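Chemist:
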Amino acid sequence: MTSFHDLNRRETLMGLLAPAVVAGQVRAARTAGAGADILVAYTTRSGNTRVVAETLARDFQADLFEIRTAAPYPADYEEHVALAQRQRDAKATPRLTAEVETPDRYGTVFLAFPIWGEDIPAPIRTFLTQTDLKGRRVFPCITHGGYGPGDALETLARLAPDADLQPAFIQRCDAERDTLNLIRDWTGALAEPAGSR
Numbered sequence: 001m002t003s004f005h006d007l008n009r010r011e012t013l014m015g016l017l018a019p020a021v022v023a024g025q026v027r028a029a030r031t032a033g034a035g036a037d038i039l040v041a042y043t044t045r046s047g048n049t050r051v052v053a054e055t056l057a058r059d060f061q062a063d064l065f066e067i068r069t070a071a072p073y074p075a076d077y078e079e080h081v082a083l084a085q086r087q088r089d090a091k092a093t094p095r096l097t098a099e100v101e102t103p104d105r106y107g108t109v110f111l112a113f114p115i116w117g118e119d120i121p122a123p124i125r126t127f128l129t130q131t132d133l134k135g136r137r138v139f140p141c142i143t144h145g146g147y148g149p150g151d152a153l154e155t156l157a158r159l160a161p162d163a164d165l166q167p168a169f170i171q172r173c174d175a176e177r178d179t180l181n182l183i184r185d186w187t188g189a190l191a192e193p194a195g196s197r
């Protein structure tokens, strides 16, 4: 039986090794010629995944494409989470503000997204149903708030069966839920009568 500690260590090691492996694979794809352009497509809620996407675009001199829905998500975290869960359960594909122009020119796609409700976000689901990734090398770059990638890799494989899915970069980098819980604990303690503390 694998312990959580072993999984964390493995995830950390993969995170450290992945950039070198990916860089070599992308350089090889670039020298292949046609369809060698690189796209970084991403969606974000709080901006953490945008930082990952912008870093990839800069490091690989890639085109950057933000996947945004026509109807914006609620700014309130709790409302956003509730909507994301409903969309996940319904397997919703919300309308996007734009599509990638001439997607066939890209041989490599970095697909960066946060985990919403233990799966891919609905905007990524829409992107995958609208964008032909057949034969393209797709590198998932996943950010999460502590629960790991959930079902995201399985969902990606199901929605992009003809893509050449590569090993994913998976990183915890969102502590909003933890922060909210800490604030609630703190304010709850403040609300207690002085004698009960």
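So the sequence shown is numbered by the UniProt record's numbering: it starts at 1 and just counts up by one. All residues carry an ideal CB built from backbone N, CA and C; glycine is no exception. The model shown is predicted, which means the values in this text are computed figures rather than measured ones.
1) Give every residue of the same chain whose Cβ lies closer than 6 Å to the Cβ of Ala34, excluding the five residues on either side of it in the sequence, and list them in chain order.
2) Below 8 Å, can you find three or more Cβ-Cβ pairs linking the stretch 104–114 to the stretch 79–96?
3) Among the candidates Tyr73, Gln130, Thr69 and Pro123, whose CA atom is the shortest distance from the CA of Glu101?
4) Looking at C-alpha atoms only, which residue of Ile120, Tyr106, Glu78 and Arg137 is the closest neighbour of Pro149?
5) Using a Cβ-Cβ cutoff of less than 8 Å, which residues in the same chain neighbour Asp132 once the five nearest sequence positions on both sides are dropped?
6) Would you report the Cα separation of Val40 and Leu64, rounded to the nearest angstrom?
7) Can you tell me which of Ala90, Asp37 and Leu153 puts its alpha carbon nearest to the alpha carbon of Ile170?
8) Where does Ala98 sit, in a helix, a strand or coil, going by DSSP?
9) Between Val40 and chain D, is there a C-beta pair that is closer than 7 Å?
10) Go to residue 199, then tell me how far its beta strand (DSSP E) extends in each direction, as first and last residue.
11) What does the Cβ neighbour count give for Trp116, buried or exposed, with the cut at 16 atoms within 10 Å?
12) Rounded to the nearest angstrom, what separates Leu96 and Gln61 at their Cα positions?
13) Alpha carbons only, please: which of Asp185, Ala75, Ala163 and Asp89 is nearest the one belonging to Gly135?
14) Judging by CA-CA distance, which residue of Pro140, Ser46 and Ala98 is the nearest neighbour of Ala157?
15) Grouping DSSP H, G and I as helix and E and B as strand, with all else coil, what is Arg137?
16) Mapping DSSP to helix, strand and coil, what is Arg158?
17) In three-state DSSP terms, what is Trp186?
18) Would you check if the distance between the CB atom of Gln87 and the CB atom of Ala53 is smaller than 7 Å?
19) Measuring only the C-alpha atoms, how far is Tyr42 from Phe127?
20) Hey, how far is the Cα of Asp76 from the Cα of Ala98?
Modeler: On the basis of the coordinates in this document:
1) Model confidence at Ala34 stands at a pLDDT of 43, short of 50, so the residue's coordinates are unreliable; what they give is reported in the following sentence. Within the same chain, Ala34 has no close Cβ partners at all.
2) no
3) Gln130
4) Ile120
5) Pro103 and Asp104
6) 5 Å
7) Leu153
8) coil
9) Going by chain labels, chain D is absent from the structure shown, which holds only one protein chain.
10) Any answer about residue 199 is impossible in this case: the structure gives the chain only from 1 up to 197.
11) buried
12) 25 Å
13) Ala163
14) Among Pro140, Ser46 and Ala98, the Cα nearest to that of Ala157 is on Pro140.
15) strand
16) helix
17) In this structure, Trp186 counts as helix in the three-state DSSP scheme.
18) no
19) 10 Å
20) The straight-line gap from Cα to Cα measures roughly 24 Å.
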